[in-house]
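Below: one structure, written as structure tokens.
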RNA sequence: GGCAGGAUAGCUCAGUUGGUAGAGCAGGGGACUGAAAAUCCCCGUGUCGCCAGUUCGAUUCUGGCUCCGGCCA
């Protein structure tokens, strides 16, 4: 059924049941699942990132999971490249690529593309060494005031964004603000579904899932990952929960406090995700949950069949 | 029973030399182009435990009461 540039995206906050719905759809449509999750990319973070189980992965082809050791630094640009290639090969097999995940920036960048902004890790390392420390922010602002006042105004209080702006400026000689283009059309004929729960219900699901994860081996998984250097890794260390579990394992927290802390931090993530999807994805359709898989599958089919592009391939 | 404490925002607490109050956390909203499960911005009226007294005016001083955690018996 899928045409060449068709793309199904299942998005939504954490614990909204994206993976489960994708699996249900896979039972009704010919689709392959591509993870759109910045943390599932890493090996060794299984329970903590709620990866699909081995059984589920055997049942339906899953991609972009377990690709990297957590010592590795992955970013949007890399994800977009990987996912783009992946989508192509899925489509070549005649299946519908279904990106499933909650990393909004990754999804948006995949759908709409990334501007061709320069990046240079050596330059960046130099900039970071010079201006990334907390007490160097004022200095950084002074530099930007002279060289790129527009970006300074934009990120006056966000050191990290300003560092990136300086990187782009240093490499290209031009302001990042000037190199970024405005809104543009999607690269795929995309149906984005955002799973939408009643607030308290989602909160409840998060608390419940946190408890389940802690009760089914997350502590041990975290212990091993931490022993393997997770907390010193460049990006994987940001995965929620592991730092808190480290504190718990060090005896600084009760088990109940740990569960509560993780649930809180997870809820805060969910809120940020919802804000993102509310405002960054004009193409999105919100699906009231719990959703009926049959109805969703029908909606998906209708979307891609009725499309003017569908017959082309 | 005695001795000193504490009682202020959902929680932990600060404060007002008497003119009705503010931080952190939680919570809510927002931004977002190479760290995004990240980073950052905005949002704080609550019988200042209860009753009485002093005072123009008390959450702030005085007395009593209630409750809580201590210490001594």
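Residue numbers (our numbering): 918 to 1230.
Built from N, CA and C at the ideal position, the CB exists for glycine as well.
All figures in this text were calculated on a predicted structure; none of them were measured in a lab.
- A straight line joining the alpha-carbon of residue 1154 with that of residue 1211 spans about 38 Å.
- Buried is the label assigned to residue 1142, since at least 16 other Cβ atoms lie within 10 Å of its Cβ.
- According to the DSSP assignment, residue 927 belongs to the beta strand (DSSP E) that extends over 923-928.
- Within the region 1154-1205, the complete alpha helix (DSSP H) segments at least 4 residues long are 1159-1166 and 1172-1197, listed from N- to C-terminus.
- In the structure shown, residue 1151 adopts coil according to DSSP, grouped into three states.
- Counted as a single uninterrupted DSSP element, the beta strand (DSSP E) harbouring residue 1106 occupies residues 1106-1113.
- Separation of residue 1012 and residue 948 (C-alpha to C-alpha, rounded to the nearest whole angstrom) is 5 Å.
- Here residue 1084 is buried: its Cβ has 16 or more other Cβ atoms, across all protein chains shown, within 10 Å.
- By the criterion of a C-beta distance shorter than 7 Å, residue 943 is surrounded in its chain by 950 and 977, once the five residues flanking it on both sides are discounted.
- Per the Cβ contact rule, the region 932-942 is not in contact with the region 1158-1171 (fewer than 3 Cβ pairs under 8 Å).
- For residue 1141, the enclosing alpha helix (DSSP H) covers residues 1135-1144.
- Taking a 10 Å sphere around the C-beta of residue 1067, we find fewer than 16 other C-beta atoms and assign the residue as exposed.
- Closest in C-alpha terms to residue 921, from the list 1032, 1107 and 1137, comes 1107.
- Two segments are said to touch when three or more pairs of C-beta atoms, one from each, lie closer than 8 Å; by this definition the region 1123-1138 touches the region 1175-1184.
- Along the region 960-987, the alpha helix (DSSP H) occurs as fully enclosed runs of 4 or more residues at 971-976, listed in sequence order.
- Inter-segment contact for the region 1009-1029 and the region 1037-1046 is absent: fewer than three beta-carbon pairs are separated by less than 8 Å.
- For residue 1027, DSSP records no beta bridge to any residue.
- Contact fails between the region 1047-1054 and the region 994-1003, because fewer than three Cβ pairs, one in each stretch, are under 8 Å apart.
- Per the coordinates, the alpha-carbon of residue 1127 lies some 23 Å from the alpha-carbon of residue 1205.
- With respect to the C-alpha of residue 1120, the residue from 1152, 1168, 1138 and 1183 having the closest C-alpha is 1183.
- If you draw a 10 Å sphere on the C-beta of residue 979, you find 16 or more other C-beta atoms in it, and that means buried.
- Each of 1088, 1092, 1009 and 962 was checked against the Cα of residue 1137, and the nearest Cα belongs to 962.
- Counting the other Cβ atoms within 10 Å of the Cβ of residue 1038 gives fewer than 16, which makes it exposed.
- Here the C-alpha atom of residue 989 lies approximately 7 Å from the C-alpha atom of residue 1150.
- By the Cβ-count criterion, residue 971 is exposed, with fewer than 16 other Cβ atoms from all chains shown falling within 10 Å of its own Cβ.
- Residue 1190 and residue 1217 have their C-alpha atoms roughly 23 Å apart.
- Spanning the alpha carbons of residue 1074 and residue 973 requires a straight line of approximately 44 Å.
- Excluding its 5 nearest sequence neighbours in each direction, residue 1072 has C-beta neighbours in its own chain below 7 Å: 1078, 1079 and 1082, listed in chain order.
- Between the alpha carbons of residue 1207 and residue 1114 lies a gap of roughly 7 Å.
- Spanning the alpha carbons of residue 929 and residue 1049 requires a straight line of approximately 32 Å.
- The residue from 932, 925 and 927 with its alpha-carbon nearest to that of residue 1122 is 932.
- Counting along the chain, the unbroken alpha helix (DSSP H) around residue 1006 starts and ends at 993-1009.
- Residue 1014 sits in a strand when the DSSP states are folded into three classes.
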